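**Q** Anchor point for the sequence shown: position 121 equals 121 in UniProt numbering, and the numbering is continuous, going up by one each time.
Beta carbons: idealized from backbone N, C-alpha and C, even for Gly.
Note that the coordinates shown come from a computational prediction; the quantities given were computed from them, not determined experimentally.
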Amino acid sequence: MPVSPSYRHVLLLVAATACWGCGTVLSKQVLDRGVAPLTLLAVELAASALLLLLAMLLLRVRLTSSPAMVKLAVLGVLNPGLAYALGLLGLVSITASMSVLLWATEPILIMLLAVLVLRERIALATTAAVATAMVGVLLVIYRPGASGDAMGVALTVAAVSACAFYAVLTRRLLLDDSSLAVVLVQQVAALCFAIVVAGIASAIGVAELGLPDDLATWALAAASGMVYYGFAFWFFVGGLRGLPASVAGSFLPLIPVFGLAAAYVLGDRLIDRQWVGAVLVILAAAAAAIRHLSRPSGDTGEPQISGTPQHM
Numbered sequence: 001m002p003v004s005p006s007y008r009h010v011l012l013l014v015a016a017t018a019c020w021g022c023g024t025v026l027s028k029q030v031l032d033r034g035v036a037p038l039t040l041l042a043v044e045l046a047a048s049a050l051l052l053l054l055a056m057l058l059l060r061v062r063l064t065s066s067p068a069m070v071k072l073a074v075l076g077v078l079n080p081g082l083a084y085a086l087g088l089l090g091l092v093s094i095t096a097s098m099s100v101l102l103w104a105t106e107p108i109l110i111m112l113l114a115v116l117v118l119r120e121r122i123a124l125a126t127t128a129a130v131a132t133a134m135v136g137v138l139l140v141i142y143r144p145g146a147s148g149d150a151m152g153v154a155l156t157v158a159a160v161s162a163c164a165f166y167a168v169l170t171r172r173l174l175l176d177d178s179s180l181a182v183v184l185v186q187q188v189a190a191l192c193f194a195i196v197v198a199g200i201a202s203a204i205g206v207a208e209l210g211l212p213d214d215l216a217t218w219a220l221a222a223a224s225g226m227v228y229y230g231f232a233f234w235f236f237v238g239g240l241r242g243l244p245a246s247v248a249g250s251f252l253p254l255i256p257v258f259g260l261a262a263a264y265v266l267g268d269r270l271i272d273r274q275w276v277g278a279v280l281v282i283l284a285a286a287a288a289a290i291r292h293l294s295r296p297s298g299d300t301g302e303p304q305i306s307g308t309p310q311h312m
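Laid out in structure tokens, this is it:
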């Protein structure tokens, strides 16, 4: 039985959050092996770009040049380039708990930007689902002692904002270009940005660029990049093509849930509060999906402009 476009887009977004959640666990394992954060970012993006290029060759996807594609490529500098660089800098002066709490606000920012930039109509049910998911995320990730200085908080908020703008602006610019081609040019742009940032940071003595010491660490870093950047962004852009940005953002709270699931497989154990939070997030995401899928065909939640094709 063929999967309808709307269901396919929802499944792609869920797959993207699974990749981000599991990729976070893989990246943490690489960092624990002594690889510098900026080095890891460049290695992961390089592995991701190679994966996407290979996929394009195998699937015979053509890379076309257009003004919209150039703008989409620039958005790759915004995210994952600038966003993750700012996030890493912010982590220097704030606790990990504060960082994850600030990142939990991304769906709210996407929703606000979707209203302001895309003129999307946000249903009360979607707002309620996001609010419920936020409560669930807090139960999942909150730990006492979350703190940090003003500069670290500001850098992290800037990183979160960059990701939110990326989601909304990518949704606005997506036309007929292949999702795979879009993500490839964005990842290449982000890789170039990461190399420049790493080089400057090393030259001025701000950061060390320690490379992996053994083949296993190189392989783990490459795998984390393929999962966290390659597959995750490919799935996310594919899902974003057929859903309003506000609805797509409502699935992002699933990321820490999948991250916890991956950590659980590796031996971590959850406390009761985290189980309750995970259930709340899953129920909220399911409610958002059902709310969207139950809409009449063609109702995307966005104002329709006469003469503008809707590519789903």
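In or out: Val77 buried (at least 16 other Cβ within 10 Å) or exposed?
**A** buried
**Q** Assign Val206 to buried or exposed, taking buried as 16 or more other Cβ atoms, counted over all protein chains shown, within 10 Å of its Cβ.
**A** exposed
**Q** Go through its chain and collect everything with a Cβ distance to Ser297's Cβ below 7 angstroms, but skip five positions before and after it.
**A** Below a pLDDT of 50, predicted positions are generally treated as unreliable, and Ser297, at 49, falls in that range; no measurement from the model is reported.
**Q** Give the range of the alpha helix (DSSP H) segment to which Thr105 is assigned.
**A** Thr105 -> no alpha helix (DSSP H), and no H or E assigned at all.
**Q** So, does the segment 46-61 touch the segment 278-294, judging by three or more C-beta pairs under 8 angstroms?
**A** no
**Q** To the nearest angstrom, how far is the alpha carbon of Gly259 from that of Gln274?
**A** 12 angstroms
**Q** Identify whether Met312 lies in helix, strand or coil by the three-state DSSP scheme.
**A** The predicted model places Met312 with a pLDDT of 32, which falls under 50 and marks its position as unreliable; any figure quoted below should be read in that light. It is coil, neither helix nor strand.
**Q** Could you pull the DSSP bridge partners for Ile195 from this structure?
**A** Ile195 pairs with nothing; no bridge assigned.
**Q** Please report the Cβ distance between Leu184 and Leu53, rounded to the nearest whole angstrom; I am assuming they are in contact, meaning their Cβ atoms lie under 8 angstroms.
**A** 6 angstroms
**Q** Whether or not the segment 216-235 and the segment 9-28 are in contact is what I'm after, with contact meaning three or more pairs of Cβ atoms, one per stretch, closer than 8 angstroms; do they touch?
**A** yes
**Q** Between the Cα of Met69 and the Cα atoms of Leu180, Glu208, Ala123, which residue gives the shortest distance?
**A** Leu180
**Q** Just the Cα atoms here: how many angstroms apart are Ser27 and Ala221?
**A** 7 angstroms
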